[in-house]
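**Student:**
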Amino acid sequence: MQKRFTLIFDEVMREQLTKLAETDSLRILLSKLFDRMESLGPRAGKLVDSQLFLYEMKAKSPPLRLYYRHVKETDELWVFEYEMKTSEKKQKKTIGKLKFKIQGQRE
Numbered sequence: 005m006q007k008r009f010t011l012i013f014d015e016v017m018r019e020q021l022t023k024l025a026e027t028d029s030l031r032i033l034l035s036k037l038f039d040r041m042e043s044l045g046p047r048a049g050k051l052v053d054s055q056l057f058l059y060e061m062k063a064k065s066p067p068l069r070l071y072y073r074h075v076k077e078t079d080e081l082w083v084f085e086y087e088m089k090t091s092e093k094k095q096k097k098t099i100g101k102l103k104f105k106i107q108g109q110r111e
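Numbered according to this note's numbering, the sequence shown terminates at residue 111, and the numbering increases by one at each position without gaps.
(1) Ile12: which of Tyr72, Leu51 and Lys50 sits nearest, CA to CA?
(2) Could you say which of Lys64, Asp28, Leu44 and Glu60 lies nearest to Lys103 if we only look at CA atoms?
(3) Using CA coordinates, which residue listed in Glu15, Lys105 and Glu80 is at the minimum distance from Glu42?
(4) Given a cut-off of 8 Å on the beta-carbon distance, is the pair Gly45 and Arg8 in contact?
(5) Within a Cβ cutoff of 8 Å, which residues of the same chain sit near Arg31, ignoring the five residues on either side of it in sequence?
(6) What number of angstroms, rounded off, separates the C-alpha of Lys76 from the C-alpha of Glu87?
(7) Can you give the Cα-Cα distance for Ser54 and Thr22, rounded to whole angstroms?
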């Protein structure tokens, strides 16, 4: 697959990746998700917020969510964080936090 999009990792995601060193299965899964993102770009996930271009990718085993934003002008994908799927309430809280963070960057 050709890599058309550039991934840029947020500070939170960098911290999560450094802690991930001891978990092989999760590291392999995230690597596959990143490869998919690099080739498909925003089409790799589900659009969560159309004004901020916030997307979410899901995996079933292990159950996790990965959040990213597409910057159209540069074809960059800003990867914010991943979390284990636990509840819809936690998902909404995370999405709200990311929306606030993105809006702060835009101003």
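C-beta atoms are modelled at their ideal positions from N, C-alpha and C, and glycine is treated no differently. In this text the structure is predicted, and so the values were computed from the model without any measurement.
**Tutor:** For this structure:
(1) Tyr72
(2) Glu60
(3) Glu80
(4) yes
(5) Leu24 and Ala25
(6) 25 Å
(7) 31 Å
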